[in-house]
Amino acid sequence: GAGVSQSPRYKVAKRGQDVALRCDPISGHVSLFWYQQALGQGPEFLTYFQNEAQLDKSGLPSDRFFAERPEGSVSTLKIQRTQQEDSAVYLCASSLVSGDGNTIYFGEGSWLTVV
Amino acid sequence: DQQVKQNSPSLSVQEGRISILNCDYTNSMFDYFLWYKKYPAEGPTFLISISSIKDKNEDGRFTVFLNKSAKHLSLHIVPSQPGDSAVYFCAASVSQGGKLIFGQGTELSVKP
């Protein structure tokens, strides 16, 4: 497809379960971002990749959160031992050049519910 | 510490009138500002941006105003249309290449 693709769109996890969320950025896009959006809030920055390099992971809330982009294309956000406060929409975004705000494209998000 | 604030969670406007959405920020290092529009179950879509060297940027029905001394920006939509009904987020970054800090969003409802 032409846009940023995220999977799964919806995930229900039992507390303590590990989850993996996948992001397929737009082909050729150098920069990739992960954001977390809680209900009624704006998106909050988690981490940023330029190609395969993770340049900023200051927004990851705990060491249970881990992101990778091994070949500089597809990225995976992994959450270990999920907790109820992890319930949120996880948004992936990509841009052609290094974070140019004009050209950041968001995916539709992965909706995670931890029960 | 909310660096970008949208103090109005919702706004209702009549079709054809002007919609004004407001945003305040606290970090004086921000020098690039954007507005995103979000429909339910979709990701945010870029609408319009402004850099700190300008005080106004216009694109069709959408105009963004920046008041650096007041650390305030606003989005004007004229005329408003029912299809504009969505949640609007303002966002800021320290540089055009930097990570975005978002406000909480304002839900705009344009009534026919």
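Protein chains in written order, with my numbering: chain Z, -14 to 100; chain R, 775 to 886.
In this text, a Cβ means the ideal position worked out from N, Cα and C, and glycines have one as well.
Predicted, not measured: the structure shown is a model, and the values here were computed from it.
Practice problem: Flag this pair as yes or no: are the beta carbons of R:Asp805 and R:Ser848 separated by less than 8 Å? | Solution: It is not a contact, given that the beta carbons lie outside the stated cut-off.
Practice problem: Establish whether the CB of Z:Asp41 and some CB of chain R are separated by less than 8 Å. | Solution: yes
Quiz item: Among R:Pro783, R:Ser826, R:Phe820, which residue has its Cα nearest to the Cα of R:Ala844?
Solution: Selected option, being the one with the closest Cα: R:Ser826.
Quiz item: Is the segment 781 to 793 of chain R touching the segment 40 to 59 of chain Z in the sense that three or more CB pairs, one from each, lie closer than 8 Å?
Solution: No: the two stretches stay apart, fewer than three of their Cβ pairs being nearer than 8 Å.
Quiz item: So, using beta-carbon positions, are Z:Ala73 and Z:Gln22 closer together than 8 Å?
Solution: Yes.
Self-check item: Straight-line gap, R:Ile851 to R:Gly879 (C-alpha atoms, nearest Å)
Solution: Each residue's CA atom was taken as its position, placing R:Ile851 and R:Gly879 some 16 Å apart.
Quiz prompt | Three-way DSSP call (helix, strand, coil) for Z:Gln(-9) in this model | solution = strand
Exercise. Determine the extent of the beta strand (DSSP E) in which Z:Arg7 is found, giving its start and end residues.
Key: 4 to 9
Exercise. Would you please verify whether the beta carbon of R:Ser840 is less than 8 Å from any beta carbon of chain Z?
Key: According to the sequence as given, residue 840 of chain R is Leu; it is not Ser. Not one chain Z Cβ lies under 8 Å of R:Leu840.
Self-check item: Segment limits, beta strand (DSSP E) that includes Z:His14
Solution: DSSP places Z:His14 outside any beta strand (DSSP E), giving it a letter other than H or E.
Quiz item: Are any of the Cβ atoms in chain R nearer than 8 Å to that of Z:Glu93?
Solution: yes
Quiz item: With 8 Å set as the bound, which would you pick, yes or no: does the beta-carbon of Z:Ile89 sit closer than that to a beta-carbon of chain R?
Solution: At least one chain R Cβ lies under 8 Å of Z:Ile89.
Practice problem: Might you give, ordered along the chain, the residues of its own chain that have their beta carbon closer than 6 Å to the beta carbon of Z:Pro10, omitting 5 neighbours on each side? | Solution: Val(-11), Leu17, Ser79
Quiz item: Are Z:Tyr20 and Z:Phe34 close, meaning C-beta to C-beta below 8 Å?
Solution: No, Cβ-Cβ distance for Z:Tyr20 and Z:Phe34 is not below 8 Å.
Quiz item: In chain R, which residues lie with their C-beta within 8 Å of the C-beta of Z:Gln26?
Solution: Gln878, Gly879
Quiz prompt | Residues sharing a beta bridge with R:Asp805, DSSP | solution = Its beta-bridge partners do not exist; DSSP assigns none.
Exercise. Pull up the distance between the alpha-carbon of R:Gly834 and that of R:Ser854, whole angstroms please.
Key: 12 Å
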